[in-house]
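Before any comments, here is the structure.
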Amino acid sequence: MLNIKKLKEKYKIDYWLLAFTMSIYYGQIQWNNFIGDPDGFYHAKLAQLISQGIFIKSLPWMQFSTLKDNFTDHQLLYHILLAPFTIFWDPLLAVKIATVFFSMAMILIFYWLLKKFKIPWPLIFALSFLILNGLNWRISLIKVNSLSLLIIYLIIYALFKQKYLLSTLLGILFVWLYGGWPMALVILTVYILSEKIYRQLSKHKLKIFINQRIEILDHFKKRPKLLKTASYLLAGLITGLIVNPYWPQNIYFYYQQFLQIGVINMGDKFTVGSEWYGATLSQIVSSAPHLFAVALLAMAVLLLNIKKTSHLSIFSFLMALGFFLLTLKSKRYIEYCLPFALLFTASATKDINKFLDKKKYLIKWQNFSSKMRLYLMIFFTLLLIMIMPITYDKILNVRLSGRYEINQFVPASQWLEKNTPKNSIVFHSDWDEWPILFYNSSHNYYIIGLDPTFIENYDANLHWLYRELTYGNISYKPASYIKKYFQAQYIFVDKFGHDQMIKNLFRDQGAKEVYQNDKTIIYRII
Numbered sequence: 001m002l003n004i005k006k007l008k009e010k011y012k013i014d015y016w017l018l019a020f021t022m023s024i025y026y027g028q029i030q031w032n033n034f035i036g037d038p039d040g041f042y043h044a045k046l047a048q049l050i051s052q053g054i055f056i057k058s059l060p061w062m063q064f065s066t067l068k069d070n071f072t073d074h075q076l077l078y079h080i081l082l083a084p085f086t087i088f089w090d091p092l093l094a095v096k097i098a099t100v101f102f103s104m105a106m107i108l109i110f111y112w113l114l115k116k117f118k119i120p121w122p123l124i125f126a127l128s129f130l131i132l133n134g135l136n137w138r139i140s141l142i143k144v145n146s147l148s149l150l151i152i153y154l155i156i157y158a159l160f161k162q163k164y165l166l167s168t169l170l171g172i173l174f175v176w177l178y179g180g181w182p183m184a185l186v187i188l189t190v191y192i193l194s195e196k197i198y199r200q201l202s203k204h205k206l207k208i209f210i211n212q213r214i215e216i217l218d219h220f221k222k223r224p225k226l227l228k229t230a231s232y233l234l235a236g237l238i239t240g241l242i243v244n245p246y247w248p249q250n251i252y253f254y255y256q257q258f259l260q261i262g263v264i265n266m267g268d269k270f271t272v273g274s275e276w277y278g279a280t281l282s283q284i285v286s287s288a289p290h291l292f293a294v295a296l297l298a299m300a301v302l303l304l305n306i307k308k309t310s311h312l313s314i315f316s317f318l319m320a321l322g323f324f325l326l327t328l329k330s331k332r333y334i335e336y337c338l339p340f341a342l343l344f345t346a347s348a349t350k351d352i353n354k355f356l357d358k359k360k361y362l363i364k365w366q367n368f369s370s371k372m373r374l375y376l377m378i379f380f381t382l383l384l385i386m387i388m389p390i391t392y393d394k395i396l397n398v399r400l401s402g403r404y405e406i407n408q409f410v411p412a413s414q415w416l417e418k419n420t421p422k423n424s425i426v427f428h429s430d431w432d433e434w435p436i437l438f439y440n441s442s443h444n445y446y447i448i449g450l451d452p453t454f455i456e457n458y459d460a461n462l463h464w465l466y467r468e469l470t471y472g473n474i475s476y477k478p479a480s481y482i483k484k485y486f487q488a489q490y491i492f493v494d495k496f497g498h499d500q501m502i503k504n505l506f507r508d509q510g511a512k513e514v515y516q517n518d519k520t521i522i523y524r525i526i
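Position one of the sequence shown corresponds to residue 1 (UniProt numbering), numbered consecutively onward.
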C-alpha cells in the first residue's frame with residue numbers, strides 16, 4: 001500500500017496543490033482587460049525598458065518633479081523580475097501574469113514558513129488567504145506588494161532561526177525591491193521588543209512598563225546572538241543602499257517616498273492616491289471578518305494563559321496591531337495588517353494546541369446528553385450555513401477597477417506621437433494619468449505623476465497652479481497660464497471628472513481643439 005505521507009514529502013504534493021489553487025484563484029481576478037491601478041502602466045514600461053537593456057537614471061518625461069533629474073527606481077529588483085515576462089508577452093499582459101505568479105509564490109513561502117515553525121494545519125492557514133478580501137484586491141494590483149510580503153516572511157524566518165548571512169542578503173534584496181524597506185527596521189525593533197517580553201514571561205517576571213524604559217542596549221549585552229542577528233540585517237540594508245546604481249540620490253528619494261508619502265502623508269493638504277486615506281474600523285473588520293473573529297478569540301485565550309504564549313505569537317500580534325492602527329490612517333496598510341493577523345492566528349493555534357487539555361473537553365462532550373449534543377451540532381451546522389455565503393462573497397467578490405483599460409488613452413497617445421514635435425511638453429488633466437501616457441508613448445514630455453508630493457517638493461506654487469487649472473478654478477484664459485508656467489504646447493484632458501476644465505478651455509480662444517474621442521480631448525495652445 002502506498003504511503004501517502006512519504007509521497008507527499010517526496011513530490012511536495014501539498015505545495016503543488018496550493019500553487020495550483022492560488023494560480024487559478026488569482027488568475028481569474030486578472031482574467032479581464034483592466035489594469036486595476038494606473039501605476040501598473042508605469043511598472044510595465046520600466047520592465048519593458050529593462051528587457052531592452054535600458055536602465056533610466058533620469059525622468060525627463062516628468063518635467064515638473066524632483067524625479068526629473070534625480071530619479072531613483074526604488075523598485076528596481078521588482079522591474080528586473082518583471083522584465084523576463086515582457087519578453088514572451090505584451091508588457092501589460094506580462095505584468096498581469098507575473099502578478100499571479102508572485103502572489104502564488106508569496107503564499108507558498110507563507111506555507112513553508114508555517115511548516116518551519118511547526119504550526120498545525122499549515123495548509124488550512126495558507127488557503128485562508130482566499131477569504132482575505134481586502135488583501136487579495138491589493139495584491140492583485142500591478143504592484144510589488146506580494147514580493148514585499150514574501151521578503152518579509154523570509155526576514156522573519158532569518159530572525160527567529162538566526163540565519164545571519166540570509167539576514168544580510170534579504171536586507172540587500174529588500175532595499176532593491178521596495179521603497180518601503182524601512183519596514184525591516186520596524187520588524188527588527190518589534191522582534192527585539194517581543195523577545196524581551198517573551199523572556200520576561202518565561203521567567204514569570206512580566207512587569208507593566210510604567211515610568212520605566214526598556215533597556216535595549218542592556219538586553220543586547222545579555223543576548224549577544226540578538227545583537228549579531230540585528231547587525232547582519234542592518235549591514236544588508238546599508239549595503240543595499242550604498243551598493244546601488246542610484247546612490248547617493250536615493251537617500252533624498254527615500255525621504256520623500258517613505259517619510260513624506262508613506263508616514264506623514266500630505267493628503268490633508270492636497271489630493272493624493274486613495275490608498276493613502278484612512279479606513280474606518282468597520283471597513284477594516286469587514287475586509288476579513290472571519291479572520292478577525294478567530295484572531296480575537298485566540299487573543300482572549302492567550303491572555304488567560306499569557307505565560308504560555310510563544311515569541312512568534314507576541315511578535316506577530318504586535319505587528320498586526322501596529323499595522324491595524326496604521327490602516328486607520330492609510331488604508332493601503334491592510335496589505336500588511338491581514339497577513340500578520342493570519343500569522344498571529346496560526347501561531348496562537350499552535351500555542352493553544354500545546355496547553356489545551358483535549359481529553360478534558362472530550363470527556364465534557366461525552367457527558368452531554370445525546371439530545372444536547374444533537375442540539376449543539378444543529379446549532380454549529382446552522383452557523384456554518386449562515387457564514388458560508390459571506391465566505392463565498394469574500395472569495396468571489398474581488399474585482400479590479402474597470403476604469404483603466406489595457407488600451408487606455410491609446411488613440412490620443414498615437415495622435416500626439418504623430419502630430420507633435422518630439423519632447424514637446426503635454427499638459428495633462430491629472431497626475432494619475434501620467435503612468436498611462438508614459439507607457440503609451442515616450443515621444444512627449446509630461447507634467448507630473450506617481451505622487452503629487454514630487455511636484456509639491458519641486459515647486460509648491462506651481463503645484464497650486466496645476467491644481468487650480470485642472471480643477472477648473474481658473475476660468476479666464478487658462479491656456480495662457482499653461483503656456484507661460486508649464487511651457488506646454490498641447491493640453492490633454494481626460495473627459496472623466498474634468499467637466500469644468502473642459503468648459504474653461506472651450507471658452508478660451510487661446511486653446512484650439514485638435515483631437516477628440518469618447519474619452520479624451522487634445523488642445524493645441526495658440
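Note that CB positions come from ideal geometry on N, CA and C, so glycine has one too.
- When secondary structure is reduced to three states using DSSP, F270 falls in the coil class, being assigned neither helix nor strand.
- Under the criterion of beta carbons closer than 8 Å, L147 and L177 qualify as touching, at roughly 6 Å.
- Between the C-alpha atoms of I187 and T239 there is a straight-line separation of about 18 Å.
- Distance from the CA atom of Y25 to the CA atom of I151, rounded to whole angstroms, is 22 Å.
- For A488 and P421, the gap between their C-alpha atoms comes out near 12 Å.
- Contact check for K307 against L201 passes: the beta carbons are separated by less than 9 Å.
- With contacts defined by Cβ atoms closer than 9 Å, P38 and P435 form a contacting pair.
- According to DSSP, residue pairing for Y445 in a beta bridge involves I425.
- Rounded to the nearest whole angstrom, the CA to CA distance from L505 to T520 is 13 Å.
- Its chain contains P120 as the residues whose beta carbon lies nearer than 8 Å to that of N353, once the 5 sequence neighbours on both sides are disregarded; these appear in chain order.
- 9 Å or more divides the Cβ of F492 from the Cβ of V398.
- Per DSSP, I491 is one residue of the beta strand (DSSP E) stretching across 490-494.
- Rounded to the nearest whole angstrom, the CA to CA distance from Y458 to E468 is 17 Å.
- Sorting T453, Q509, L67, A295 by C-alpha distance to the C-alpha of C337 places A295 at the top.
- The three-state secondary structure of F454, taken from DSSP, is helix.
- Residue range 520-525 is occupied by the beta strand (DSSP E) that includes I522, with no alpha helix (DSSP H) assigned at that position.
- Two segments are said to touch when three or more pairs of C-beta atoms, one from each, lie closer than 8 Å; by this definition the stretch 46-59 does not touch the stretch 10-26.
- For F34, the beta-bridge partners assigned by DSSP are E405.
- Annotation for G402: F34 place their beta carbon closer than 7 Å to its own, counting only its chain and skipping 5 residues before and after.
- Taking the Cα of Y333 as reference, the smallest distance to any Cα among I284, F292, D351 is reached at I284.
- When DSSP states are grouped into helix, strand and coil, Q516 belongs to the strand group.
- For L185, the closest of A230, E195, A341 by C-alpha to C-alpha distance is A230.
- In this structure Y198 does not touch I107 by the C-beta definition: roughly 27 Å separates them, more than the 8 Å allowed.
- With a contact defined as Cβ atoms closer than 8 Å, N305 and F355 qualify at about 6 Å.
- Sequence-distant partners of E195 (beyond 5 residues in either direction) whose C-beta falls short of 7 Å from its own C-beta, in its chain, are L226, H311.
- For V301, the enclosing alpha helix (DSSP H) stretches over residues 289-304.
- A straight line joining the alpha-carbon of N419 with that of F253 spans about 35 Å.
- Spanning the alpha carbons of A94 and S103 requires a straight line of approximately 14 Å.
- Comparing C-alpha distances from M22 to each of F129, F258, A83 shows the shortest one belongs to F129.
- Comparing C-alpha distances from D430 to each of I455, N407, Q260, K161 shows the shortest one belongs to I455.
- Between the C-alpha atoms of K483 and Y42 there is a straight-line separation of about 26 Å.
- Taking the CA atoms as reference points, T66 sits about 15 Å from F486.
- Distance from the CA atom of W464 to the CA atom of G171, rounded to whole angstroms, is 39 Å.
- In the same chain as A288, and ignoring 5 residues on each side of it, the C-beta atoms closer than 8 Å to its own belong to I131, L132, N133, G134, L135, L338, A341, K394, in chain order.
- Relative to the Cα of L77, the nearest Cα in the group G322, W181, Q257, H290 belongs to W181.
- Apart from sequence neighbours up to five positions away, the residues of its chain that approach L46 with a beta-carbon distance below 7 Å are D73, H79, ordered along the chain.
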